[in-house]
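First comes the structure, then the notes that go with it.
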Amino acid sequence: MGLGPNSKIGSIAYMDVKDIKSSLQIMVKVGAEVVQDVKEVGGGLLTAQVKDIDGNVVGLRQQS
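Taking the numbering used here, the leading residue of the sequence shown gets 459, the next gets one more, and so forth.
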């Protein structure tokens with residue numbers, strides 16, 4: 459779980475992935491909408507957020 463300091467969504471569940479760009483592409487192919495594209499948030503940690511087809515926002519993260 460995580461909280462974005464500027465988020466109006468609330469808590470977001472993050473899933474650890476090995477390849478965040480590939481995982482993001484797969485989620486978009488099955489109907490998800492990108493909320494936040496891949497970005498580094500410090501220490502090499504990459505995050506992204508998508509909205510699934512039910513309107514839930516979930517996060518992806520890739521450790522450095």
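Heads up, the beta-carbon is just placed ideally off N, CA and C, and yes, glycines get one too. Here the structure is a predicted model, which is why all the values come from computation and not from measurement.
Curious, which full-length beta strand (DSSP E) runs of at least 3 residues does the segment 481-513 contain? 491-500, 503-509
Within 8 Å, strictly: CB atoms of Leu504 and Ile478: Within the sequence shown, residue 504 is the residue found at index 46, counting from 1. Within the sequence shown, residue 478 is the residue found at index 20, counting from 1. Taking 8 Å as the Cβ cut-off, Leu504 and Ile478 qualify as a contacting pair.
May I ask you to list the residues that DSSP assigns as paired with Gln520? By 1-based counting over the sequence shown, the position of residue 520 is 62. According to DSSP, which records beta bridges pairwise, Gln520 is partnered with Leu504.
What do you get for Met459, buried or exposed, if any count of 16 or more other CB atoms within 10 angstroms of its CB means buried? Sequence index remark: in the sequence shown, residue 459 carries index 1 (1-based). With a pLDDT of 48 at Met459, under the threshold of 50, the predicted position of this residue should be treated as unreliable, and no value is reported.
Suppose the cutoff is 7 Å on Cβ atoms and the five residues either side in sequence are ignored; what does the same chain contact list for Asp495 look like? Here residue 495 corresponds to residue number 37 of the sequence shown, with the count starting at 1. Closer than 7 Å at the Cβ level, and outside the excluded window around Asp495, lie Ala506.
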